[in-house]
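Reading through the C-alpha cells given below for one structure.
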Amino acid sequence: MQLELGVVGSAAAFLAFAVALYGAVAGVLGASRRDPRLVTSARLSAVAGFLVATVAIVVMESALLTDDFSVSYVAQHSRISSPVWVKVVTLWAALEGSILLWAWLLSGYTALVAAVAALSPLRPWAIAVMQGVQTFFFFVLAFLANPFKVLPNPPLDGPGPNELLQNHWMMAVHPVLMYLGFVGLTVPFAYAMAALITRRPGAEWMVLTRRWTLAGWGFLSAAIVAGGWWSYEVLGWGGYWAWDPVENVSLMPWLTATAFVHSVQVQERRHMLKPWNVALILTTFALSVLGTFLTRSGVVSSVHAFGSGPVGPAFLAFFVIVVLVSFGLLAARWEDVKDRAELDSLVSREGAMLGVNVLFLALAFAVLLGTLFPLVVEAISGDRVTVGPPFFDQVTLPIWMLVLLLMGIGPLLPWRKAEEQSLRSNLAWMLAGLVVAGGLAWALGVRKLYPALTVGLAGYNVVSLGLLLAGALVPRMRLAKRPALQVLRSYAHENRRRVGSMVVHFAVVVIAVGVAFSAGYRVDEQVRLDIGGSAEFEGYTLTATELFVDPTAARVSAGVLVEVRSGDRFVTTLRPRINVFPGSNRGIPTPAVLYRPSHDLYLSLNSNVAPGTTFVVLRVVKSPLVTWIWVGGALLALGTAYALGGSTRRVAARVSVPAAAAREA
Amino acid sequence: MRKKLLYGALGVVVLAAAGLMIARALQTSLVYFVLPSEYARDAASFDGRRIRLAGLVEPGSVSFDDAQLQLTFNVTDAIKTYPVTYKGAPPDLFQENGGVVIEGQFHEGVFVGDNLLVKHSNDYHPPDDGQVDVEALKESLR
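Right under this line is the structure:
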C-alpha cells in the first residue's frame, strides 16, 4: 500500500508539536535546575523540531505540485491548471498553510538560535520561550487547522487559490517577508523574557539579539512596502494604503519595533530605559499576535481577511496568555529592571531617541484605536461603523512630521548633553535647508500644507545627513590626507551600522516625499473611451486602439490596448485588462501602469469587455512621485542589509559574552 | 524635583492635546453603515455626514447614461427606498436584486455615492412574499 501524503503530513505536524512541547518543558526544567544534560537535550530538540517541520513543508509542497487532492488543503486551494509558481506559493495563500509556513519559519529560527547563538545564561531560557511559542503554533496546526486531513473521496480538481493572490507574483514575496519579520522579532522577545526570568536586565539580552532585531525589523519594513506595491498593482484603485484593518495590524508592530530599534541604543550607551525596552519588545510581540487574531477571526471586516474559524479564538487566548505572562513577569521583576540613571538633558541623543519613541508609540496607539474603535462602538451601541482614512490622516500626519523633525536633529546630537555652540550652527544650516526646499516647492506651485512641509523637512534632513557625513569625513581627510572618496569608502566600511542608519534615514525621506505627493496631488477620474476614440487626461491623449483577448492555460485576459501620447509624442501602449481564472466567473481587473520618475499613469478597466463592446470605462489615476516609495523601500532594505553585513568581529569584541556574563555574576 | 514636575506637566499637556485631537478626528470620520429604513428613522442625525448605505438594487430602477457615465438606481430594504446616483460604470456582477454598499452623502433626497461595492454573498435570498428580514439582510451585506 502506498503511504498517503496526508498521513505523513499529519504525523509530522503532531510530531512537531510533541517535539516543541518536549523542548519547552525540558528547557525550563533544565535551565531552572541547572541541569546541563536537559539543557543540551532541549537545544538538540530545537534542531529536531525544525527537521520535522521541514518534513511537513516538503509534504505539503509535494502534494501541491503533484495535485494530490486527497490532501484537504490541496483540494480546497489548488488547481491542476495553475502554473508551477502559483502551486508553490499556494502553501501560504490560505489560513492553514500560512500557519504551517509561520510555524516552520519559527522552528527554523529556533534551530538557528540553538545552533549559532553565543553561549550565555540567557540562551537556555530564550530557546525555551521560543519552543513555547512554537508549541502554540504547532498545536493550532495539528489540532485546529490541520491542512493534511485525508479526503476519502478526493475531488478531480480544486478551485485554485484566491484570484487576487494568483494575479500577481508579489504574492510569492510579501507574505514570506512579513512572517520573517514577525518571527525574527520573536528572538529579541524570547531573550527579553529570558532576561526577566534570570534577573539580568542589563544590555546583554539586546546586544546578543542586535542582529536578529535589525533583521526582523528590516524584513517587516520590506514586507510593508512590498504589500503596498502589491495593493497598487492589483487592487485597481491606484492607491497603496487604505488604512484597512489588515494593513493597520501589520503597521502596529512595525511602529513599536521601530521605537525599540532606537531605544535599545540608549540602554547600550547610557544604561537607561531598561523597563521601557523590555515593555516595547513585549508589546511588539503581543501586537503581532493580536494582529494575527484580528485578521484570522473575521472580527474586523477587511478586503484581505482570512475568514472565520476556531483559529481566531485560539490566537485570542494566546494573546491574553502572552500579555498576562510577559507583563506579569515584568511587574514581578520591577525592582531589578527599574532605571537608576536619569536623563541629563532633553537636548541630547538620548533625549531625541526618547522623543521619537514617544512619537512612535503615539502612532501605534492611534492606529490601534482607529482599528479597534468600530468593535467598541458595535459592542456598546450595536451600530456598525467604520473609521475612515480621514481619521488616520488627521491624527498621524502631524506626528509623522514631528518624526521627520526629530530624525534630522537626533543623530547630530551628542550623548548626555549637547553643546549649544555646535547645536546652534547645525540647526541654522538645517533650518536653512528647510526654508530653501520648502520655499522652492512653494515657488513651484506646491500650496498644500503637508506636501510643502514634507519637502521642507526633506531638505532639512538632507542637510542633516550632509552635516553628519562631513563631521565624520572632514577630520579623517585632514588626518589621512587622502581624497574624499577613499576616506568615505573606508569610513563606510568601518562604520557599517552608522552608515547603514544614514542610508535608512535617507530612504525614509524619499518615501515620505513619495507618500506626500502621491496622496496630496493624486488625480483620479473615470474616463469613457470609444474603441478607436480618444480622450484627454492631464496632458495625455489616451486612444483605445482595439480590444484584445489573450487566453492561456492559467487564465483568460480580455482588455483594451490604450495608446498613450503626450502632445504629439507617442509614449507607450498600455494593456488594462480583466483576468478570469478557471473555476471562477469573477473577473479580476488588472491595472496597467506607466511608471515614470515624475508621476505614474495608472489605467484600470471599470467595465466589461466582450465581443461587440463599443466603448470601455477606465479609471485613470495620475499619482506624482509614487514610484519613489518603492525606490525608498528598496533603499531602506539595502541600508538595513548594509548595517547587518560585514564581519561580526567588532560586535563580538565589544560584547565579549563570557566577560559580560562574569561581570553580571 | 522641579525638573520632574516640569516633565510631568509637559506630559499632561501633550496627552490632553493628543486626546482632544483624537476625539475630534474620530467624531468627524466615523462612517455609519445603515440600511435605507434605518436612515429614514434617524435621518436628521446623519445630516451632512458620509454614510455607507446598504441594500438591494430595486428591479427596474437601473439606468446607465454611458455618455456621462452616470449610473442611477434605487436602493431598498423593502421598507424604505432611496434613489442613488453614482459616477462611473456599473461594476462587475452589479445586478437587480443584488446586494450593494454605497459610500457617499445625501443631497436633497438623492444619495450621491462615490464608492460602489457589490456584495455577492449567497447568505441572503429575498423571500417570495416580499417580507424582508432586515437583520439577516444587514448581516449579509456587511
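So the protein lines, in turn, are chains A and B.
According to the numbering used here, the stretch in the first sequence is residues 1 to 665, in order.
According to the numbering used here, the stretch in the second sequence is residues 1 to 142, in order.
All C-beta atoms, glycine included, are put in the ideal place defined by N, C-alpha and C.
Item to check | Beta carbon proximity, residue 372 of chain A to chain B, threshold 8 Å | outcome: If you number the first sequence from 1, residue 372 of chain A lands on position 372. Residue-level contact check: residue 372 of chain A does not touch chain B, since none of the beta carbons of chain B fall below 8 Å from its beta carbon.
Checklist entry - Taking Cβ-Cβ distances below 7 Å as the criterion, which residues of the stretch 29-44 of chain B are in contact with chain A? => result Against chain A - using a Cβ distance shorter than 7 Å - the residues of the stretch 29-44 of chain B are 29, 30, 31, 32 and 33.
Checklist entry - Within this structure, are the beta carbons of residue 15 of chain A and residue 193 of chain A separated by less than 8 Å? => result Walking along the first sequence from the start, residue 15 of chain A turns up at place 15. Walking along the first sequence from the start, residue 193 of chain A turns up at place 193. Contact: no.
Next on the checklist: Just to confirm the assignment, what range does the beta strand (DSSP E) spanning residue 107 of chain B have?
Outcome noted: Start at 1 with the first residue of the second sequence, and residue 107 of chain B comes out as number 107. Element bounds for residue 107 of chain B: 99-107.
Next on the checklist: Please tell me whether residue 87 of chain B has its Cβ less than 8 Å away from any Cβ of chain A.
Outcome noted: Stepping through the second sequence from its first residue, residue 87 of chain B is reached at position 87. Cβ-Cβ to chain A under 8 Å: yes for residue 87 of chain B.
Checklist entry - For residue 124 of chain A, which three-state DSSP category applies? => result Looking up residue 124 of chain A in the first sequence gives position 124. In this structure, residue 124 of chain A counts as helix in the three-state DSSP scheme.
Checklist entry - What is the DSSP secondary structure of residue 323 of chain A, counted as helix, strand or coil? => result Against the first sequence, residue 323 of chain A aligns to sequence position 323. It is helical.
Item to check | Within chain B, the residues that residue 749 of chain A reaches when beta carbons sit closer than 9 Å | outcome: Residue 749 of chain A cannot be examined here, being either before or after the span of chain A that is shown, 1 to 665.
Checklist entry - By the criterion of Cβ-Cβ separation under 7 Å, what are the contact partners of residue 608 of chain A in chain B? => result One-based indexing of the first sequence puts residue 608 of chain A at position 608. What residue 608 of chain A touches in chain B: 92.
Next on the checklist: Am I right that residue 587 of chain A and residue 92 of chain B are in contact with their C-beta atoms under 8 Å? What's the rounded C-beta distance?
Outcome noted: Taking the first sequence and counting its residues from 1, one reaches residue 587 of chain A at position 587. Taking the second sequence and counting its residues from 1, one reaches residue 92 of chain B at position 92. That pair is a contact at about 5 Å.
Next on the checklist: Residues of chain B with CB closer than 7 Å to the CB of residue 587 of chain A, please, in chain order.
Outcome noted: Taking the first residue of the first sequence as 1, we reach residue 587 of chain A at position 587. Simply 92.
Next on the checklist: Please report whether the beta-carbon of residue 56 of chain B lies at a distance below 8 Å from any beta-carbon of chain A.
Outcome noted: Along the second sequence, one-based indexing puts residue 56 of chain B at 56. No, its Cβ sits nowhere closer than 8 Å to a Cβ of chain A.
Item to check | Close-in-space but distant-in-sequence residues of the same chain around residue 364 of chain A (CB under 7 Å, 5 per side omitted) | outcome: Here residue 364 of chain A refers to the residue found at position 364 when the first sequence is read from its first residue. These residues qualify, in order along the chain: 252, 255 and 256.
Checklist entry - Do residue 56 of chain A and residue 100 of chain A have their C-beta atoms within less than 8 Å of each other? => result Taking the first residue of the first sequence as position 1, residue 56 of chain A is located at position 56. Taking the first residue of the first sequence as position 1, residue 100 of chain A is located at position 100. In this structure, residue 100 of chain A lies closer than 8 Å to residue 56 of chain A by Cβ.
Next on the checklist: Short of 7 Å Cβ to Cβ, which residues in the stretch 375-391 of chain A face chain B?
Outcome noted: 383, 384, 385, 386, 387, 388, 390 and 391
Checklist entry - Taking DSSP as the reference, what is the three-state secondary structure of residue 72 of chain A? => result As a first step, residue 72 of chain A must be located in the first sequence, where it is residue number 72. Reduced to three states, the DSSP call for residue 72 of chain A is helix.
Checklist entry - Do the stretch 149-160 of chain A and the stretch 76-96 of chain A meet, that is, are 3 or more Cβ pairs less than 8 Å apart? => result yes
Item to check | C-alpha distance - residue 464 of chain A paired with residue 457 of chain A, whole-angstrom precision | outcome: As a position in the first sequence, residue 464 of chain A is number 464, starting the count at 1. As a position in the first sequence, residue 457 of chain A is number 457, starting the count at 1. C-alpha separation (whole angstroms): 10 Å.
Checklist entry - Whose CA, out of A:70, A:134, A:65 and A:605, lies closest to the CA of residue 18 of chain A? => result Mapped onto the first sequence, residue 18 of chain A falls at position 18. Closest by alpha carbon: A:134.
Checklist entry - Mapping DSSP to helix, strand and coil, what is residue 579 of chain A? => result Against the first sequence, residue 579 of chain A aligns to sequence position 579. Of the three classes helix, strand and coil, the one that applies to residue 579 of chain A here is strand, per DSSP.
Checklist entry - Using a C-beta to C-beta distance shorter than 8 Å, which residues of chain A count as neighbours of residue 52 of chain B? => result By one-based count along the second sequence, residue 52 of chain B stands at place 52. Here the neighbours are 386.
Checklist entry - What's the C-alpha gap between residue 140 of chain B and residue 62 of chain B? => result On the second sequence, position 140 is the one that residue 140 of chain B refers to. On the second sequence, position 62 is the one that residue 62 of chain B refers to. Rounded to the nearest whole angstrom, the C-alpha separation of residue 140 of chain B and residue 62 of chain B is 22 Å.
Item to check | First and last residue of the uninterrupted beta strand (DSSP E) at residue 526 of chain A | outcome: The sequence position of residue 526 of chain A within the first sequence is 526, counting from 1. Taken as a continuous stretch (DSSP letters only), the beta strand (DSSP E) holding residue 526 of chain A covers 523-530.
Item to check | Cβ-based neighbour list, residue 406 of chain A, same chain, cut-off 6 Å, excluding 5 preceding and 5 following | outcome: As a first step, residue 406 of chain A is located in the first sequence; it is residue number 406 there, counting from the start. Cβ neighbours of residue 406 of chain A beyond the five flanking positions: 352, 355 and 356.
Checklist entry - Contact check, residue 113 of chain B vs residue 102 of chain B under 8 Å by CB: the rounded distance? => result One-based indexing of the second sequence puts residue 113 of chain B at position 113. One-based indexing of the second sequence puts residue 102 of chain B at position 102. Contact flag correct, Cβ pair sits at about 4 Å.
Checklist entry - Are there three or more Cβ pairs, one per stretch, closer than 8 Å when the stretch 504-513 of chain A is compared with the stretch 620-640 of chain A? => result yes
Checklist entry - Does the distance from the C-beta atom of residue 208 of chain A to that of residue 294 of chain A stay below 8 Å? => result Here the question's residue 208 of chain A lines up with position 208 in the first sequence. Here the question's residue 294 of chain A lines up with position 294 in the first sequence. Not in contact: residue 208 of chain A and residue 294 of chain A (Cβ atoms no closer than 8 Å).
Item to check | Chain-ordered chain A contacts of residue 116 of chain B [CB-CB under 9 Å] | outcome: On the second sequence, position 116 is the one that residue 116 of chain B refers to. The premise fails here: residue 116 of chain B is roughly 10 Å from chain A at the closest Cβ pair, so nothing lies under 9 Å.
Item to check | Beta carbon proximity, residue 660 of chain A to chain B, threshold 8 Å | outcome: Taking the first residue of the first sequence as position 1, residue 660 of chain A is located at position 660. Below a pLDDT of 50, predicted positions are generally treated as unreliable, and residue 660 of chain A, at 43, falls in that range; the measurement from the model is reported next regardless. Look at residue 660 of chain A: its C-beta is not under 8 Å from any C-beta on chain B.
Checklist entry - At a Cβ threshold of 8 Å, is residue 66 of chain B touching chain A? => result In the second sequence, residue 66 of chain B corresponds to position 66, counting from 1. Closer than 8 Å to some Cβ of chain A, the Cβ of residue 66 of chain B qualifies, so yes.
Checklist entry - Near residue 220 of chain A, which residues of its chain fall below 6 Å by C-beta distance, leaving aside the five closest residues on each side in sequence? => result As a first step, residue 220 of chain A must be located in the first sequence, where it is residue number 220. Exclusion of the five residues before and after residue 220 of chain A leaves 181 and 254 as the residues of its chain whose Cβ lies within less than 6 Å of its Cβ.
Item to check | Residues near residue 662 of chain A in its chain [Cβ-Cβ closer than 7 Å; skip 5 each side] | outcome: If you number the first sequence from 1, residue 662 of chain A lands on position 662. Note that residue 662 of chain A scores a pLDDT of 44, beneath 50, so its modelled location is shaky and nothing firm can be said.
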